[in-house]
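K.L.:
Just dropping this structure here.
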Amino acid sequence: MTPGMDAGKMIRFAEMLDRYNIKPLIGIIPDNKDSSPEVVADRSDDENQTSIDFGWIKERLERGWIAAQHGCYHVYTTKNGGLFPLNAYSEFAGLAFEDQNRLISHGKHVLEENGIKTNIFMAPAHSYDKNTIRALKNNSFEFVTDGFGSLPYSMGGLTFLPISFLRSRELKSDREGFTTFVVHTGMMEESDFSEYEEMFEKYRERFTDYSEFLQIPPVRCSRGKHYREYLMAKGKHTAAKAF
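Take 0 as the starting number for the sequence shown in numbering that gives the first Met the number 0 and just add one per residue.
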């Protein structure tokens, strides 16, 4: 999400989360320059459309929501999937350390200038590389919202907070552990709202606040696990292209 976007679908989804008392993580684009539908096409049918601003975001954080810095400009400048190649493009992966450090530092400054502090980074397109990790540590970030698995894990001096590989499989699984779902509210259709409503109704006891997820001690990420994760991300990207 980004300040200035139309909030129709975002507010509707936020109200749904309120009904089920679920407090999520939200990714905030600090200085948005992306005009793609994923980011700005959130247009409700209400003539009195409401725009998201930093005040709305801070009010949500006061309620227990958690903020992550979602890149800097949300503009893809490289064709590089990096260490977690769910996509073959990036705002960061493939750039020199100095360039990545500048982007991350600028984004952090914009957020803090508007009263939002976070040590969590959410990479646009899930793509990052070793220079991203280095730049994040240089800017005092501690968490990255990416990877696969059932527990947070440590790698390169940061803690990675896994996303789900396949949402439907996670809901049906009886294994112990945690994962997270990625939701782009601006791209949601009526059927998506219905699906989430049914999911929250049926599985409410399986959801937890993101703040609790952050308290789970990370496990160590072995080379084997990271390689498997890379192959899973690459395979999912290939399958999505074929579909």
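The beta carbon of each residue, even a glycine, is placed where N, CA and C say it ideally should be.
(1) Can you name the start and end residues of the alpha helix (DSSP H) that residue 198 belongs to?
(2) Which residue spans inside the region 45 to 115 form an unbroken alpha helix (DSSP H) run of at least 4?
(3) Measure the CB-CB distance between residue 23 and residue 229 and report whether it falls below 8 Å.
(4) Let me make sure I understand the geometry here. Which of 183, 122 and 113 has the alpha-carbon closest to that of residue 54?
(5) Which one of 214, 138, 154 and 129 has the shortest CA to CA distance from residue 102?
(6) What are the partner residues of residue 179, as DSSP defines its beta bridges?
(7) Taking the C-alpha atoms as reference points, what is the distance between residue 116 and residue 25?
(8) So residue 209 is in the alpha helix (DSSP H); what residue range does that whole segment cover?
(9) Rounded to whole angstroms, what's the CA-CA distance from residue 84 to residue 119? Just pull it up for me.
(10) Report the residue ranges of all beta strand (DSSP E) runs contained in full by the region 139 to 174; include only those spanning at least 3 residues, in chain order.
(11) If I measure Cβ to Cβ from residue 72 and keep anything under 6 Å in the same chain, skipping five residues before and after, which residues do I get?
(12) Can you give me the Cβ contacts of residue 164 inside the same chain, cut-off strictly under 6 Å, excluding the 5 residues immediately before and after it?
(13) For residue 222, which of 235, 216 and 153 has the nearest alpha-carbon?
(14) Between the beta-carbon of residue 130 and the beta-carbon of residue 95, is there less than 8 Å?
(15) Could you tell me the alpha carbon to alpha carbon distance between residue 51 and residue 79, rounded to whole angstroms?
(16) Are the CB atoms of residue 157 and residue 140 within a distance shorter than 8 Å?
(17) In whole angstroms, what separates the C-alpha of residue 28 from that of residue 89?
(18) For residue 195, which residues from the same chain have a beta carbon less than 7 Å from its beta carbon, with the 5 sequence-adjacent residues on both sides left out?
(19) I'd like to confirm the pairing. Which residues does DSSP put opposite residue 223 in its beta bridges?
(20) Run through DSSP, which three-state label would residue 206 get?
(21) Buried or exposed: which applies to residue 180, given that a residue is buried once 16 or more other Cβ atoms fall within 10 Å of its Cβ?
(22) Terminal residues of the continuous beta strand (DSSP E) containing residue 26?
(23) Could you tell me the alpha carbon to alpha carbon distance between residue 191 and residue 198, rounded to whole angstroms?
P.N.:
Here's the rundown:
(1) For the purposes of this step, residue 198 is identified with residue 199 of the sequence shown, where counting begins at 1. That run of the alpha helix (DSSP H) goes 189 to 202.
(2) 53 to 61 and 96 to 112
(3) For the purposes of this step, residue 23 is taken as residue 24 along the sequence shown, with counting starting at 1. For the purposes of this step, residue 229 is taken as residue 230 along the sequence shown, with counting starting at 1. Contact: no.
(4) Taking the first residue of the sequence shown as position 1, residue 54 is located at position 55. Nearest C-alpha to residue 54: 113.
(5) Taking the sequence shown and counting its residues from 1, the one referred to as residue 102 is at position 103. Measuring from the Cα of residue 102, the nearest candidate turns out to be 138.
(6) For the purposes of this step, residue 179 is taken as residue 180 along the sequence shown, with counting starting at 1. None, per the DSSP bridge assignment.
(7) Sequence index remark: in the sequence shown, residue 116 carries index 117 (1-based). Sequence index remark: in the sequence shown, residue 25 carries index 26 (1-based). Cα to Cα, the separation comes out at about 13 Å.
(8) As a position in the sequence shown, residue 209 is number 210, starting the count at 1. Residues 209 to 212.
(9) Taking the first residue of the sequence shown as 1, we reach residue 84 at position 85. Taking the first residue of the sequence shown as 1, we reach residue 119 at position 120. Roughly 20 Å between the two C-alpha positions.
(10) 152 to 154 and 157 to 159
(11) Translated into positions along the sequence shown, residue 72 becomes position 73. Here the set comprises 30 and 32.
(12) In the sequence shown, residue 164 corresponds to position 165, counting from 1. Closer than 6 Å at the Cβ level, and outside the excluded window around residue 164, lie 147.
(13) As a first step, residue 222 must be located in the sequence shown, where it is residue number 223. Taking only the C-alpha atoms, the option nearest residue 222 is 153.
(14) Looking up residue 130 in the sequence shown gives position 131. Looking up residue 95 in the sequence shown gives position 96. Contact flag set, yes.
(15) As a first step, residue 51 is located in the sequence shown; it is residue number 52 there, counting from the start. As a first step, residue 79 is located in the sequence shown; it is residue number 80 there, counting from the start. Cα to Cα, the separation comes out at about 31 Å.
(16) The sequence position of residue 140 within the sequence shown is 141, counting from 1. The sequence position of residue 157 within the sequence shown is 158, counting from 1. Result yes, Cβ atoms of residue 140 and residue 157 sit closer than 8 Å.
(17) Residue mapping note: residue 28 aligns to position 29 of the sequence shown, counting from 1. Residue mapping note: residue 89 aligns to position 90 of the sequence shown, counting from 1. Cα to Cα, the separation comes out at about 14 Å.
(18) Translated into positions along the sequence shown, residue 195 becomes position 196. Excluding residues within five positions, the ones whose Cβ falls inside 7 Å are 15.
(19) Here residue 223 corresponds to residue number 224 of the sequence shown, with the count starting at 1. None; residue 223 has no bridge partner.
(20) Looking up residue 206 in the sequence shown gives position 207. In the structure shown, residue 206 sits in coil (DSSP, three-state: anything other than H, G, I, E or B).
(21) Here residue 180 refers to the residue found at position 181 when the sequence shown is read from its first residue. Exposed, since its Cβ has fewer than 16 Cβ neighbours within 10 Å.
(22) Within the sequence shown, numbered from 1, the residue matching residue 26 stands at position 27. 24 to 27 is the extent of the beta strand (DSSP E) around residue 26.
(23) On the sequence shown, position 192 is the one that residue 191 refers to. On the sequence shown, position 199 is the one that residue 198 refers to. In a straight line, the C-alpha of residue 191 is about 10 Å away from that of residue 198.
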